[in-house]
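Peer 1:
Number of protein chains: 2
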Amino acid sequence: MRLTNFFLPVLKENPAEAQIVSHRLMLRAGMIRQNSAGIYSWLPLGLRVLRKIEAIVREEMDRAGAVELLMPTLQSADLWKESGRYDGYGKEMLRIVDRHDRDMLYGPTNEEMVTDIFRRDVRSYKDLPMNLYHIQWKFRDEIRPRFGIMRGREFLMKDAYSFDVDEASARKSYYRMFIAYLRTFNRLGLKAIPMAADTGPIGGDLSHEFIILAETGESEVFCHSDLVDMDVPGDDIDYQSDLMPLVSKRTDMYAATDEMHDAAAFEAQVPEDKRLSARGIEVGHIFYFGTKYSEAMNAVVAGPDGKPAPVHGGSYGIGVSRLLGGIIEASHDENGIIWPASVAPYDVGLINLKSGDEATDAACADIYAKLQSAGVDVLYDDRNERAGAKFSTMDLIGLPWQLVVGPRGLKNGVVELKNRATGEKVEVSTQEALTRLGA
Amino acid sequence: MRLTNFFLPVLKENPAEAQIVSHRLMLRAGMIRQNSAGIYSWLPLGLRVLRKIEAIVREEMDRAGAVELLMPTLQSADLWKESGRYDGYGKEMLRIVDRHDRDMLYGPTNEEMVTDIFRRDVRSYKDLPMNLYHIQWKFRDEIRPRFGIMRGREFLMKDAYSFDVDEASARKSYYRMFIAYLRTFNRLGLKAIPMAADTGPIGGDLSHEFIILAETGESEVFCHSDLVDMDVPGDDIDYQSDLMPLVSKRTDMYAATDEMHDAAAFEAQVPEDKRLSARGIEVGHIFYFGTKYSEAMNAVVAGPDGKPAPVHGGSYGIGVSRLLGGIIEASHDENGIIWPASVAPYDVGLINLKSGDEATDAACADIYAKLQSAGVDVLYDDRNERAGAKFSTMDLIGLPWQLVVGPRGLKNGVVELKNRATGEKVEVSTQEALTRLGA
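So the protein sequences, as listed, match chains A and B. Just so we're aligned: the first sequence equals residues 1 to 439 in this note's numbering. Just so we're aligned: the second sequence equals residues 1001 to 1439 in this note's numbering.
1) Closer than 9 Å by beta-carbon distance: list the chain A residues that pair up with GLU1154 of chain B, in chain order.
2) Apply the 10 Å Cβ neighbour rule to ASP98 of chain A and answer buried if 16 or more other Cβ atoms are within range, or exposed otherwise.
3) For TRP137 of chain A, return the contacting residues in chain B, with the cut-off set at a CB-CB distance below 8 Å.
4) To the nearest angstrom, how far is the alpha carbon of ARG1028 of chain B from that of ASN1014 of chain B?
5) Of all Cβ atoms in chain A, is any one closer than 8 Å to the Cβ of PHE1391 of chain B?
6) Does DSSP classify TYR239 of chain A as helix, strand or coil?
7) From ARG1140 of chain B to ASP1273 of chain B, what distance separates their C-alpha atoms?
8) Rounded to the nearest angstrom, what separates LEU25 of chain A and THR1216 of chain B at their Cα positions?
9) Judging by CA-CA distance, which residue of B:ARG1176, B:ASP1198 and B:PHE1210 is the nearest neighbour of LEU1190 of chain B?
10) Please list, in chain order, the residues of the region 1409–1430 of chain B that have any C-beta partner in chain A closer than 8 Å.
11) Is it right to say HIS1100 of chain B is buried, meaning 16 or more other beta carbons lie within 10 angstroms of its own, or is it exposed?
12) Against chain B, which members of the region 39–57 of chain A pass a CB distance test of less than 7 Å?
13) Can GLY38 of chain A and GLU142 of chain A be called in contact, C-beta distance under 8 Å?
14) Taking only three categories from DSSP, how would you classify GLN1075 of chain B?
15) Could you tell me the alpha carbon to alpha carbon distance between HIS224 of chain A and HIS261 of chain A, rounded to whole angstroms?
16) My output table needs one value for THR1216 of chain B: the three-state DSSP class, helix, strand or coil.
17) Can you give the Cα-Cα distance for TRP137 of chain A and GLU1295 of chain B, rounded to whole angstroms?
18) Could you tell me whether any Cβ in chain B is nearer than 8 Å to the Cβ of PHE163 of chain A?
19) Which residues in the same chain as GLN372 of chain A place their Cβ atom closer than 7 Å to its Cβ, once the five residues preceding and following it in sequence are excluded?
20) Considering only their Cβ atoms, is the gap separating LEU45 of chain A from GLU397 of chain A smaller than 8 Å?
21) If the cut is a Cβ gap below 7 Å, which residues of chain A does ASP1098 of chain B touch?
22) Quick one, which residues of the region 20–41 of chain A are near chain B if we go by CB-CB under 9 Å, in chain order?
23) Would you mind telling me which residues of chain B sit closer than 7 Å to ASP121 of chain A, beta carbon to beta carbon, in chain order?
24) Looking at ASN1005 of chain B: is its Cβ nearer than 8 Å to the Cβ of GLY65 of chain A?
25) For the beta strand (DSSP E) holding ARG1279 of chain B, just list the boundary residues, first then last.
26) ALA1299 of chain B and VAL1311 of chain B look like a contact to me (Cβ under 8 Å); what is the Cβ gap, rounded to whole Å?
27) Check the C-beta distance from SER1315 of chain B over to TYR1161 of chain B and give it rounded, since I have them as a contact under 8 Å.
28) Evaluate LEU79 of chain A with the Cβ neighbour count: other Cβ atoms within 10 Å of its Cβ, from every protein chain shown; 16 or more gives buried, anything less gives exposed.
29) Checking the sheet assignment: what are the DSSP bridge partners for PHE139 of chain A?
30) Just to confirm my understanding: we take TYR1133 of chain B, look at its own chain, exclude 5 residues before and 5 after, and list those with CB closer than 8 Å. What are they?
31) ASN352 of chain A: buried (16+ other C-beta within 10 angstroms of its C-beta) or exposed?
32) Are three or more beta carbon pairs between the region 7–21 of chain A and the region 1077–1094 of chain B nearer than 8 Å?
33) For TYR1293 of chain B, does the three-state DSSP call read helix, strand or coil?
34) Got a sec: which bits of the region 1265–1299 of chain B sit with their beta carbon under 9 Å from any beta carbon on chain A, in order along the chain?
35) Is the shortest distance between the beta-carbon of LEU1132 of chain B and the beta-carbons of chain A less than 8 Å?
36) DSSP on ALA302 of chain A, reduced to helix/strand/coil?
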C-alpha cells in the first residue's frame, strides 16, 4: 500500500483523554477513533491488526476441532428469561425495544442463543462432542468505559461453546480449549498464564482466566514464576490425545488473580524466589458450567441408553479487540508500538527519503513491486514529507522492518534496513535487503 | 472437513414459513436459522458462503482504490441530528437509550459517521480523492421482515463513501464504483444490470441500482435486453483511466426499475424485440449526493486556492448477506442449490458410499488428504448413512463437484465424478478425478 493512497491520520501530540499507553499509541498511530463513549471505529491500520489477530484465533479454534458459525448481535430477551439471566444481568446489558414493542438486547455473550441453536437441531449423543464458536461484536454497557478498546462498550469477542454427553467428556473439551488458548496467545507474541478464576455470572465450577503480565494491568496476580516461560504445545499437538498432563503441568502450579488469591497457599506452595506478583491483563476466560443452561433451556440429547439427558457445557472467550491493547501494553517503547511479526499490519515499511527524485522514486517503485510480488506486505511511504517525519511515523506504527532508500545510499549501491524491535540498522545492497525480507 | 465433525443440520421437509426458494433452500441446507423475526444465525455452511462473497467484494473494492476501515454498529443520535436525518428516518431506525440516557441507534447506514471521521482528520484537497468502506452489520427495523435473509432486519452490508474536491472528480469516483460493481457481481456468477434509480432518503442527483433478474424478484424492471449479457471489464481494468465510456455504454441504454419507468421512453428508445421486462432483485445501490452531508456537518477541505470548501460525496452499498439469497434465486434446481464456483462453501463433496468398509474408508481418506494438500476445499461425507441420503444432501447443498467412492467402483479402479450444475457423471480413475479437481 502506498501511503498517499492510504488513510493514516497520525497524531503528533499525546491525546489528553488517553490514560494508558496502548490507548495513546492507538490514537496517535491512527488505528482507532472514538465515536461515542467506549465505541470506536477501526481505521485501516487498526483494522489490519484486528483481522490478523482474528485469523490466528480462528486457525487455532479450527485446529482444536471447533466449528465456526455466526450468531447475530441482537437477541430476543425471551431466551434470557428462559435461562433466568435476564433480570440479574444488570445495567451492563443494553436493552432494546423494537418497533413492535418486543424486548431485545445487544448480546453481551451467547450461552442462551447457542443453546437454543443446539437444542433445535441436535438430538443424539452421536453428534457430540461439539464445539461451536463465533467471532462477533458484543456490547456491554460499562458504567465508565475507559482505556480505549481495552474497556470499551462495543467489542469483538471470540466465544466458543462446547456440548458433551457427560462431565468426563466435557472436561476433555475444556482441556482442548485450554491448550488452544496457550497456542493462540503464544502465536500472538504474548506470554499468557492460566489462573484459577471465579466463575461469576456464567456459573459453573471450573474456570481459568488467561492473564498477560503488564505494568498497566487492571488487577494484581500471583503465580509461580516458572509459568511465565513454560513451553507451549507445538503445531503437532494431537487434540485427540489425552491433554490432561499438559494442562496439569500448569494448573498444578500456583497462579491466581487477586480475587482468588490465598496468601497462605501461595507461600506454602511456591518457593520464595519463585513467587511472582505482578499486574495482569485478562485476555481470555474459559468456563465449564455443566448443565446450567441445558437444564434451564431443556437442551437434551438421547444418550447411549436411549434416554434423554441434558448436555454438559462450557464456554470459552477471547477478547479479540482487547488483545490489540494487550499486545501494545506488552510491546512498545518510547517511540511507539513494536508489533510481533504475526500481527503486524504490514511486514515492512519502505521509506523514500526523497520523493520526487527520479532515481529514488524508481528504486523504491522497483523494491515495492518486488516485495509485493513475493507476498511481503509493504507500506510504502511515498509522501512528499521530510525524512524526520517519515522515520517517526514508521517508529510509531511499529512495523517489524523499515527499509530506507535515499539518493546518497543509492549512489553507493546501498539501502538501510532497520529492525524496529532491536533498533539495529544495517547498510546492505538492495538485493541483500530484499533477500532478508523474503523477496 | 469431515461431515462427522461439522454442524450441518439439513432438513428433509420444506419449512412452512419459507415463501421463496432461497429461504427454503437456506433453511433446508442448514445454512441459517432464525433467532427472532428477521434476525438469523449463520450456520457453518452459510457462513462459509458469506465469507467468500465478502472476500470478493473486498478484493474488488481494494482493486478500485477504496480503503477498508470498520465503523461500529451503534451510533450516537447526535450525528444524525446534525445531518437532519434523525427525525425523518422513521421507525426503520432502531433507536436505543443507553444506561446514561444517551440517545443511540443501530446504524442503518453510515453517511454521518464516516463524514465525522473524515472531517476530524482530513484537511486538504491533497488527500483526495478518498474512498473509505467497511463491511459491517446493519439494522433496519422492517415492519414485516420476510424472505429469509433477503429482507431481514440485521444484515451485512458493504458501504463505501467517496470524498472529492469537486463534482468532476466525484463523478470519476462514482464511475470507479460503477465499474467495480459490475466486476464484483460478475465474479459472483451474477448478471447485474445497472438501472437509473431514485435517490430516496440518501439524497443526491445521480444514482443507480444494480439489479439481477430472477422470477421471484421483488419489483418489475424494464431494460434493453443487450444489457443482460454485456461484457464486463477484466482484471486489467485501469481505474486511473477515463471510465466514462465504459459507464456510458450501459447508461446510454434504457434500464429502469418500476418507480423510474417511463413507458413512452422505453418504447421510443428500445426496438420491440429488445424490450425486456422482468422481475428483479436489487443487490447494490450507488449514489452521488454532492455536498448534502458535508455542508450539514461542516466537512470541508482546503482547496488548491487555500479556501475551505465542502467535499463532494457519494455512497455505494452492496447487500452482502442478501446476495446469498440472490445467488440462490438465480442458481438452483428442484434438488437444491447450484453454487457458482467462486462462492461455493466447498469445491468438492466427497461421498463415501460405504463408511465402515475398510478399503473404501482408506481410499476416501487418501483422496481427502490429497485434495486438502492441493488446497482444494473438500467436504467429506464420512457419516454412517445410506447412499441415498448422502446423494440428496450433496445435491441440496450444491457444491460444484461430487466425487463418489464405493467398494464396487474401487474394485474396477474407478470413482464417479459428478458436475452438480450439469448433472453430468463420469467414471474415471482416482488419479484422473484428482487431476480434474486440481489436485
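Yeah, the Cβ is synthetic: ideal placement off N, Cα and C, and Gly gets one too.
Peer 2: Here's the rundown:
1) For the purposes of this step, residue 1154 of chain B is taken as the residue at position 154 of the second sequence. Annotation: Cβ neighbours of GLU1154 of chain B in chain A (cutoff 9 Å, chain order): PRO72, THR73 and LEU74.
2) Position 98 of the first sequence holds residue 98 of chain A. By the 10 Å Cβ count, ASP98 of chain A comes out buried.
3) Sequence index remark: in the first sequence, residue 137 of chain A carries index 137 (1-based). What TRP137 of chain A touches in chain B: PRO1072, THR1073 and TRP1137.
4) Reading the second sequence from its first residue, position 28 is the one you call residue 1028 of chain B. Reading the second sequence from its first residue, position 14 is the one you call residue 1014 of chain B. Rounded to the nearest angstrom, the two C-alpha atoms are 7 Å apart.
5) As a first step, residue 1391 of chain B must be located in the second sequence, where it is residue number 391. The beta carbon of PHE1391 of chain B does not come within 8 Å of any beta carbon belonging to chain A, so the residue lies off that interface.
6) Counted from its first residue, the first sequence places residue 239 of chain A at position 239. Correct three-state label for TYR239 of chain A: coil.
7) Within the second sequence, the letter at position 140 stands for residue 1140 of chain B. Within the second sequence, the letter at position 273 stands for residue 1273 of chain B. For ARG1140 of chain B and ASP1273 of chain B, the distance between alpha carbons rounds to 40 Å.
8) In the first sequence, the residue the question calls residue 25 of chain A occupies position 25. In the second sequence, the residue the question calls residue 1216 of chain B occupies position 216. For LEU25 of chain A and THR1216 of chain B, the distance between alpha carbons rounds to 52 Å.
9) Residue numbering aside, residue 1190 of chain B sits at position 190 when the second sequence is read from its first letter. Relative to LEU1190 of chain B, the option among B:ARG1176, B:ASP1198 and B:PHE1210 whose CA is nearest is B:PHE1210.
10) Of all residues in the region 1409–1430 of chain B, none has a Cβ within less than 8 Å of some Cβ in chain A.
11) Against the second sequence, residue 1100 of chain B aligns to sequence position 100. HIS1100 of chain B is exposed by the Cβ-count criterion.
12) Considering only beta carbons, the part of the region 39–57 of chain A lying closer than 7 Å to chain B consists of ILE39, TYR40, SER41, TRP42, LEU43, PRO44 and LEU47, in chain order.
13) Along the first sequence, read from residue 1 onward, the residue named residue 38 of chain A stands at position 38. Along the first sequence, read from residue 1 onward, the residue named residue 142 of chain A stands at position 142. Taking 8 Å as the cut-off, the beta carbon of GLY38 of chain A is found closer than this to the beta carbon of GLU142 of chain A.
14) One-based indexing of the second sequence puts residue 1075 of chain B at position 75. GLN1075 of chain B: strand per DSSP, three-state reduction.
15) As a first step, residue 224 of chain A is located in the first sequence; it is residue number 224 there, counting from the start. As a first step, residue 261 of chain A is located in the first sequence; it is residue number 261 there, counting from the start. Looking at the backbone, the Cα of HIS224 of chain A and that of HIS261 of chain A are separated by about 13 Å.
16) The sequence position of residue 1216 of chain B within the second sequence is 216, counting from 1. Coil, per DSSP.
17) For the purposes of this step, residue 137 of chain A is taken as the residue at position 137 of the first sequence. For the purposes of this step, residue 1295 of chain B is taken as the residue at position 295 of the second sequence. If you draw a straight line from the Cα of TRP137 of chain A to the Cα of GLU1295 of chain B, it is about 32 Å long.
18) As a position in the first sequence, residue 163 of chain A is number 163, starting the count at 1. No, its Cβ sits nowhere closer than 8 Å to a Cβ of chain B.
19) Within the first sequence, numbered from 1, the residue matching residue 372 of chain A stands at position 372. Once the five neighbours on either side are set aside, the close Cβ partners of GLN372 of chain A are VAL378.
20) As a position in the first sequence, residue 397 of chain A is number 397, starting the count at 1. As a position in the first sequence, residue 45 of chain A is number 45, starting the count at 1. One point to set straight first is that residue 397 of chain A is Ile, not Glu, in the sequence displayed. For ILE397 of chain A and LEU45 of chain A, yes; Cβs fall inside 8 Å.
21) Start at 1 with the first residue of the second sequence, and residue 1098 of chain B comes out as number 98. Those within 7 Å of ASP1098 of chain B in chain A are LEU94 and ASP141.
22) Residues passing the 9 Å Cβ filter: GLY30, ARG33, ASN35, SER36, ALA37, ILE39, TYR40 and SER41.
23) In the first sequence, residue 121 of chain A corresponds to position 121, counting from 1. Near ASP121 of chain A (Cβ distances below 7 Å), the residues of chain B are PRO1009.
24) In the second sequence, counting from the first residue as 1, residue 1005 of chain B sits at position 5. In the first sequence, counting from the first residue as 1, residue 65 of chain A sits at position 65. Between ASN1005 of chain B and GLY65 of chain A, the C-beta spacing is below 8 Å.
25) Taking the first residue of the second sequence as position 1, residue 1279 of chain B is located at position 279. From DSSP, the beta strand (DSSP E) with ARG1279 of chain B extends over 1275–1290.
26) Taking the second sequence and counting its residues from 1, one reaches residue 1299 of chain B at position 299. Taking the second sequence and counting its residues from 1, one reaches residue 1311 of chain B at position 311. Rounded to whole angstroms, the Cβ separation of ALA1299 of chain B and VAL1311 of chain B is 6 Å, and the two are in contact under 8 Å.
27) One-based indexing of the second sequence puts residue 1315 of chain B at position 315. One-based indexing of the second sequence puts residue 1161 of chain B at position 161. About 5 Å separates the beta carbons of SER1315 of chain B and TYR1161 of chain B, which is inside the 8 Å limit, making them a contact pair.
28) In the first sequence, the residue the question calls residue 79 of chain A occupies position 79. With 16 or more Cβ atoms within 10 Å of its Cβ, LEU79 of chain A is classed as buried.
29) The residue you call residue 139 of chain A lines up with position 139 of the first sequence. PHE139 of chain A pairs with A:GLU154.
30) For the purposes of this step, residue 1133 of chain B is taken as the residue at position 133 of the second sequence. So the qualifying residues of the chain are MET1061, ALA1066, VAL1067, GLU1068, LEU1069, LYS1158, ASP1159, ALA1160, TYR1161 and TYR1316.
31) Position 352 of the first sequence holds residue 352 of chain A. Counting Cβ neighbours within 10 Å, ASN352 of chain A comes out buried, since at least 16 surround it.
32) Judged by Cβ distances under 8 Å, the region 7–21 of chain A makes no contact with the region 1077–1094 of chain B, as fewer than three pairs qualify.
33) For the purposes of this step, residue 1293 of chain B is taken as residue 293 along the second sequence, with counting starting at 1. In this structure, DSSP gives TYR1293 of chain B a helical state, which the three-state scheme calls helix.
34) Taking 9 Å as the Cβ-Cβ cut-off, the region 1265–1299 of chain B has no residue approaching chain A.
35) Within the second sequence, residue 1132 of chain B is the residue found at index 132, counting from 1. Under the Cβ criterion of 8 Å, LEU1132 of chain B is counted among the residues facing chain A.
36) Position 302 of the first sequence, counted from the first residue, corresponds to residue 302 of chain A. Look at ALA302 of chain A here: in three-state DSSP terms it is strand.
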